[in-house]
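Worksheet for the structure shown next.
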């Protein structure tokens, strides 16, 4: 008849209970962390700063028209106009926010089902329509590649991969100063710094 080593059995049972408790606590901690991240992102998007940025851009588009607003933005920045700087700050703020959504998602701080609901496809589509032309101008003027956040949003929300038209790109190239002119790219857009997380992550993804 086989005897039971109760000391060993109790130790194994204790190990199983401890492991179960640890796994559940780890899962709960991750869920709380993701919930806190989502709440923080939601609060920032609902902040007066974000609402003001959206209002500035939407009013500028209403004033200048969908076709011309990006080119008018570049002209304002060439002239170092205060309105151009205000639009650029609004562009930068919104780009930083959506870049953080990408960052948190790719590093596991936000679940896929979370970002399907917030920011969601409608907010993301509005961001693409408002910001991508301005972001292209900003980055082209300072010699950087186009931000990956736009294609990230298209992929997540399965939106058509419609890029900026060749005509738009050519017009921007013609409006930007050529080498040797007195007004350099840095002079046109001298305060267009973007979210350091976004640019650093672009480099990190390239190295992977």
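Residue numbers (the UniProt record's numbering): 1 to 208.
Every residue, glycine too, gets a C-beta built ideally from N, C-alpha and C.
Everything numeric in this text was worked out from a predicted model, so none of it was measured.
Just to confirm, is the Cβ distance from residue 172 to residue 137 under 9 Å?
Residue numbering aside, residue 172 sits at position 172 when the chain shown is read from its first letter. Residue numbering aside, residue 137 sits at position 137 when the chain shown is read from its first letter. It is a contact, given that the beta carbons lie within the stated cut-off.
Helix, strand or coil: how does DSSP classify residue 142 here?
On the chain shown, residue 142 is found 142 positions in, with the first residue counted as 1. In the structure shown, residue 142 sits in coil (DSSP, three-state: anything other than H, G, I, E or B).
Proximity to residue 50 [Cα-Cα], best of 147, 157, 152 and 89:
Taking the first residue of the chain shown as 1, we reach residue 50 at position 50. Comparing Cα-Cα distances from residue 50 to each of 147, 157, 152 and 89, the minimum goes to 89.
If we count the other Cβ atoms within 10 Å of its Cβ and call it buried at 16 or more, is residue 13 buried or exposed?
Within the chain shown, residue 13 is the residue found at index 13, counting from 1. Exposed, since its Cβ has fewer than 16 Cβ neighbours within 10 Å.
Tell me which same chain residues have a C-beta within less than 6 Å of the C-beta of residue 46, skipping the five on either side of it?
Indexing the chain shown from 1 puts residue 46 at position 46. Nothing meets the Cβ criterion.
Count the other CB atoms within 10 Å of the CB of residue 95; is the residue buried (16 or more) or exposed (fewer)?
As a first step, residue 95 is located in the chain shown; it is residue number 95 there, counting from the start. Burial call: buried.
When you compare the CB positions of residue 121 and residue 168, do they come within less than 9 Å of one another, or not?
Taking the first residue of the chain shown as 1, we reach residue 121 at position 121. Taking the first residue of the chain shown as 1, we reach residue 168 at position 168. Against a cut-off of 9 Å, the Cβ pair of residue 168 and residue 121 comes out as no contact.
For residue 135, does the count of other Cβ atoms within 10 angstroms reach 16, so buried, or fall short, so exposed?
In the chain shown, counting from the first residue as 1, residue 135 sits at position 135. Buried is the call here.
Quick check: what's the CA-CA separation for residue 141 versus residue 62?
The residue given as residue 141 occupies position 141 in the chain shown. The residue given as residue 62 occupies position 62 in the chain shown. If I take the Cα positions, the gap works out to 25 Å.
From residue 64 to residue 29, what does the alpha carbon distance come to, in whole angstroms?
If you number the chain shown from 1, residue 64 lands on position 64. If you number the chain shown from 1, residue 29 lands on position 29. For residue 64 and residue 29, the distance between alpha carbons rounds to 49 Å.
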